[in-house]
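Numbering follows my numbering, with no gaps: position 41 of the sequence shown is 41. Glycine included, C-beta positions come from ideal geometry on N, C-alpha and C.
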Amino acid sequence: MQTDELLIRCIDFFYRQPFARFIPRQTFRYAACGGFTYLVVNPLLYFLTYNYVLRHRFIDLGFVVMSPHIAALTVVFPIVFFIGFWLNKHVTFRKSTVRTPTQVIRYALSVTGSIIMTYLCMKFLVEVCGIWPTPANVITTVTTTVYSYLAAKYFTFRHSEE
């Protein structure tokens with residue numbers, strides 16, 4: 001059994017009531033893959049990179065010195081990017097008719113849009129609307145997640161029937 005098939009079976013095992021009543025299977029798979037990527041893989045890789053690879057040291061690149069927390073982010077981001085892409089392509093949006101190179105470019109655009117949206121939402125909600133940072137972050141996360149899902153479904157991994 002292939003890795004993607006195994007992951008789909010594991011995720012679909014939990015696709016039962018009450019989830020099945022309210023959430024389409026594709027959306028459930030998207031949430032499971034995103035949750036795994038950004039709540040398990042990302043923090044684990046960041047922790048290992050920050051503590052054991054970089055060992056809390058500053059990195060001198062000659063033209064700039066990177067603090068350890070930013071250097072760890074720089075190392076981890078591309079890994080998490082491609083894990084997220086692979087999971088979306090092979091688990092969530094399997095029926096996409098878009099070619100893989102095009103999907104990667106579109107996925108990069110979508111992720112860039114998410115980063116910009118997160119920044120702008122936080123600035124707007126905290127500095128203009130006066131909302132406390134933590135609730136603003138929750139609102140921003142929900143907004144960005146909806147944007148990411150719609151961008152993935154209708155742009156990055158679009159299926160010819162959609």
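Indicate the three-state DSSP secondary structure (helix, strand or coil) for residue i in the structure shown.
{"i": "V65", "result": "strand"}
{"i": "I23", "result": "coil"}
{"i": "I131", "result": "coil"}
{"i": "R99", "result": "coil"}
{"i": "H90", "result": "helix"}
{"i": "M1", "result": "coil"}
Nearest to residue i by alpha carbon, out of the options?
{"i": "E5", "options": "V40, S148, V91", "result": "V91"}
{"i": "M122", "options": "S110, I83, V138", "result": "V138"}
{"i": "V126", "options": "Y149, T140, F19", "result": "T140"}
{"i": "F28", "options": "T112, F93, L54, C129", "result": "F93"}
{"i": "V104", "options": "F82, T134, C33", "result": "F82"}
{"i": "V146", "options": "V80, G34, C10", "result": "G34"}
Are the beta-carbon atoms belonging to residue i and residue j less than 8 Å from one another?
{"i": "F157", "j": "V98", "result": "yes"}
{"i": "A31", "j": "N88", "result": "no"}
{"i": "H159", "j": "K95", "result": "yes"}
{"i": "S67", "j": "F58", "result": "yes"}
{"i": "F155", "j": "S110", "result": "yes"}
{"i": "T144", "j": "T118", "result": "yes"}
{"i": "V65", "j": "T37", "result": "no"}
{"i": "Y107", "j": "F124", "result": "no"}
How about residue i: is its C-beta nearer than 8 Å to some C-beta of chain C?
{"i": "L54", "result": "Absent here is chain C; the protein component of the structure consists of one chain."}
Across which residues does DSSP place residue i in a beta bridge pair?
{"i": "I59", "result": "M66"}
*Assess, as a yes-or-no matter, whether the stretch 71-82 is touched by the stretch 34-54 under the definition of 3 or more beta carbon pairs within less than 8 Å.*
yes
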